[in-house]
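Engineer: Numbering (numbering that gives the first Met the number 0), first residue to last: 0 to 275.
Heads up, the beta-carbon is just placed ideally off N, CA and C, and yes, glycines get one too.
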Amino acid sequence: MSDRPAKPESSNRPGSGLVFAGGCPRSGLTLLRRLLARHPEILAGPDTGAAPAIAFQWRNYAQSLGGLHEKYFDLKPDYVADTMGRFLEGLLRAEREQRTIVEKTSLNVVAFEALSVILPAAKFIHVVRDGRDVTASLLERNWRDPSTGQPFPHVSDRMAAIQYWSGLVAAGLDAEKKLGPRGRIFRVRYEDLAARPESAAKAICEFLDLDWPAAKDLKPPLANDDYLGLERDSLPLMLGPVTASRIGRHRRVMPADIVRQLEDAGRPTLAALGYL
0 MSDRPAKPES
10 SNRPGSGLVF
20 AGGCPRSGLT
30 LLRRLLARHP
40 EILAGPDTGA
50 APAIAFQWRN
60 YAQSLGGLHE
70 KYFDLKPDYV
80 ADTMGRFLEG
90 LLRAEREQRT
100 IVEKTSLNVV
110 AFEALSVILP
120 AAKFIHVVRD
130 GRDVTASLLE
140 RNWRDPSTGQ
150 PFPHVSDRMA
160 AIQYWSGLVA
170 AGLDAEKKLG
180 PRGRIFRVRY
190 EDLAARPESA
200 AKAICEFLDL
210 DWPAAKDLKP
220 PLANDDYLGL
230 ERDSLPLMLG
240 PVTASRIGRH
250 RRVMPADIVR
260 QLEDAGRPTL
270 AALGYL
């Protein structure tokens, strides 16, 4: 029996029981969902894109119109932030849903700080992976700009890919500095999710004030139709056993000189995460 205090059934604090996971695409967010979705007290759904969109709407409003609206319309900043947060919460949480909700849109990572303001009880998971492996995976995608039909730079140019990864990781690390002291953010490595999935899941659940259940209490694994959108790029892997075989994959698919170029370009971020 755990000595952890019982989790309250509900809370009026905006964001209570909401968890936003984010990180560079191809860093393990779908694997995170696969693992956490088996927990009976967690509802881990696919990407919605709602969180960063709403968080940025609030941030842009606060920075551009908030002062004017407070002065002339008595529209208080705290009221606007609370309203936007509860709107997002209403989109993600069905009525009477008591489970912890994990939403994993990758670009949540650049909205962690804004989300932390409009949802002051929410928690955050920063998913990271070796940028060299992320680059190798990104370059295998066929993601295209719908307005031009051309591949995005970060899936067609290796230097753009490592810079894209570095920029998103930097946003996550910055959020860690600001939210970490308040116990609101947790960093998890893809390598741990893949090589030690149960240990990684237990550590995440501890952060979320949940116990990892016994094997007999786990929900069935997600099925084919549960994976949506870009998650299906990883479908063969998600439907098979969790494997560590893709850790260090860049060494098998890239020439050594290319790897060195990536290391030079991404060195500060790779070093900050302990990959160099």
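Are there three or more Cβ pairs, one per stretch, closer than 8 angstroms when the region 192–208 is compared with the region 142–159?
Structural biologist: No contact exists between the region 192–208 and the region 142–159.
Engineer: Do you know offhand how far V109's Cα is from G273's?
Structural biologist: 21 angstroms
Engineer: Quick one: give me the first and last residue of the alpha helix (DSSP H) that R32 is part of.
Structural biologist: 28–35
Engineer: Using only the heavy atoms of the ligand NAP, determine whether one of them is closer than 7 angstroms to the beta carbon of K218.
Structural biologist: Only the bare structure without any ligand can be found here, which leaves the ligand NAP out of the picture.
Engineer: If you follow the beta strand (DSSP E) that G273 is in, where does it begin and where does it stop?
Structural biologist: Neither: G273 is in no beta strand (DSSP E) and is coded neither H nor E.
Engineer: Enumerated in chain order, which unbroken segments of the alpha helix (DSSP H) with a length of 4 residues or greater are wholly contained in the region 123–203?
Structural biologist: 130–137, 157–178, 189–194
Engineer: Would you decide whether Y226 is buried or exposed? Buried here means 16 or more other CB atoms lie within 10 Å of its CB.
Structural biologist: buried
Engineer: For A264 and V241, I'd like the C-alpha separation in whole angstroms.
Structural biologist: 31 angstroms
Engineer: When you compare only the Cα positions, how much space is there between R25 and A202?
Structural biologist: 21 angstroms
Engineer: Between A271 and the rest of its own chain, which residues show a CB-CB distance below 7 angstroms, the 5 nearest in sequence each way excluded?
Structural biologist: L172
Engineer: Using a Cβ-Cβ cutoff of less than 8 angstroms, which residues in the same chain neighbour R92 once the five nearest sequence positions on both sides are dropped?
Structural biologist: G16, L17, I100
Engineer: Where does the unbroken alpha helix (DSSP H) through L17 begin, and where does it stop?
Structural biologist: Element bounds for L17: not the alpha helix (DSSP H) but the beta strand (DSSP E), 17–21.
Engineer: Quick one: grab the DSSP three-state call for E205.
Structural biologist: helix
Engineer: Kindly give me the distance between the Cβ atoms of G21 and L106, rounded to whole angstroms, as I take these residues to be in contact under 8 angstroms.
Structural biologist: 7 angstroms
Engineer: Do V187 and L31 have their C-beta atoms within less than 8 angstroms of each other?
Structural biologist: yes
Engineer: Given this structure, state the Cα-to-Cα distance separating H153 from Y163, to the nearest angstrom.
Structural biologist: 6 angstroms
Engineer: Could you check where the beta strand (DSSP E) with V101 kicks off and where it finishes?
Structural biologist: Run containing V101: 99–102, per the beta strand (DSSP E) assignment.
Engineer: Reducing DSSP to helix, strand and coil, say where A110 ends up.
Structural biologist: coil
Engineer: Among K218, P254, T268, which residue has its Cα nearest to the Cα of P39?
Structural biologist: Closest by alpha carbon: K218.
Engineer: Rounded C-beta distance between A36 and A43? I'm assuming under 8 angstroms.
Structural biologist: 4 angstroms
Engineer: Can you name, in chain order, every residue of its own chain whose Cβ lies under 7 angstroms from the Cβ of R58, other than the five neighbours on each side?
Structural biologist: For R58, same chain residues with a beta-carbon under 7 angstroms away, outside a window of 5 residues either side, are A113 in chain order.
Engineer: Can you tell me where the beta strand (DSSP E) with L229 in it begins and where it stops?
Structural biologist: L229 -> no beta strand (DSSP E), and no H or E assigned at all.
Engineer: Within 10 angstroms of its Cβ, does K176 collect 16 or more other Cβ (buried), or is it exposed?
Structural biologist: exposed
Engineer: Can you pull the DSSP bridge partners for I41?
Structural biologist: T99
Engineer: Cα-Cα, which of I246, A174, Y60 is closest to R195?
Structural biologist: I246
Engineer: Tell me whether D46 is buried or exposed, calling it buried when 16 or more other Cβ atoms sit within 10 Å of its Cβ.
Structural biologist: buried
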